[in-house]
Amino acid sequence: MDGGAAPLTLPACLVAALVAEATAAAPREACGLLVGHGHDVHRIVPAANVDPSPTRYTIDPAAHFAALRDARRDGLAVIGAYHSHPAGGSRPSPADTAEAAPDFLYVIVGLVPSPAVAAWRLVDGNFVGLGLVRT
Ligand SMILES: [Zn+2]
Numbered sequence: 112m113d114g115g116a117a118p119l120t121l122p123a124c125l126v127a128a129l130v131a132e133a134t135a136a137a138p139r140e141a142c143g144l145l146v147g148h149g150h151d152v153h154r155i156v157p158a159a160n161v162d163p164s165p166t167r168y169t170i171d172p173a174a175h176f177a178a179l180r181d182a183r184r185d186g187l188a189v190i191g192a193y194h195s196h197p198a199g200g201s202r203p204s205p206a207d208t209a210e211a212a213p214d215f216l217y218v219i220v221g222l223v224p225s226p227a228v229a230a231w232r233l234v235d236g237n238f239v240g241l242g243l244v245r246t
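So for the sequence shown, the working numbering puts the first residue at 112; every next one is plus one.
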């Protein structure tokens with residue numbers, strides 16, 4: 112994976128799908144994977160949130176395996192993950208930062224005060240906002 116701080120490219124239809132999924136999952140967090148190439152998201156793969164806490168998320172490991180397999184089959188990669196903040200904005204929480212992996216892209220869907228989608232990447236232990244290009 113490469114691209115540094117290049118913006119994330121996300122089709123507008125997927126932005127709408129992310130907001131719809133986040134809204135439907137509330138008050139729980141929605142989560143899933145971003146499949147694509149580099150910083151280009153080709154598709155999103157919704158996954159069950161298997162975390163017992165209403166304010167955290169853990170992507171179902173079986174869904175993660177399936178997404179990896181399907182991405183490889185299509186010549187793509189799992190480039191990141193997304194989740195929602197049903198009661199907050201699109202900035203990462205301290206838990207998000209603590210649990211983040213480098214070289215993975217994070218999209219957060221905030222619903223409060225209004226739906227907002229932002230992309231982040233961990234650089235030296237801190238999240239850095241990436242631009243979001245809606246295509
Ligand atoms: Zn979060």
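In this text, a Cβ means the ideal position worked out from N, Cα and C, and glycines have one as well.
Because the structure is a prediction, the values reported are computed rather than measured.
Taking the alpha-carbon positions, what's the residue i to residue j distance?
i	j	result
Trp231	Leu243	10 Å
Ile170	Asp207	13 Å
Asp214	Arg154	18 Å
Gly236	Pro226	27 Å
Ala123	Ser164	30 Å
His148	Ile190	7 Å
Val239	Ala182	26 Å
Val218	Arg184	24 Å
Ala158	Thr134	15 Å
Ala173	Val156	12 Å
Give the single residue among the options whose Cα lies nearest to the Cα of residue i.
i	options	result
Pro324	Val126, Ala116, Ala131 and Thr120	Lying outside 112 to 246, the shown extent of the chain, residue 324 is not represented and no answer is given.
Leu179	Val228, Leu241, Gly143 and Gly221	Gly143
His150	Ala177, Thr134 and Ala116	Ala116
Asp162	Arg139, Leu119 and Tyr193	Arg139
Thr166	Ala158, Leu216, Ser195 and Ala173	Ser195
Pro118	Leu216, Leu129 and Tyr168	Leu216
List the DSSP bridge partners of residue i.
i	result
Gly221	His196 and Ala227
Asp181	DSSP lists no partner for Asp181.
So, are the CB atoms of residue i and residue j less than 9 Å apart?
i	j	result
Leu121	Val146	no
Tyr193	Val234	no
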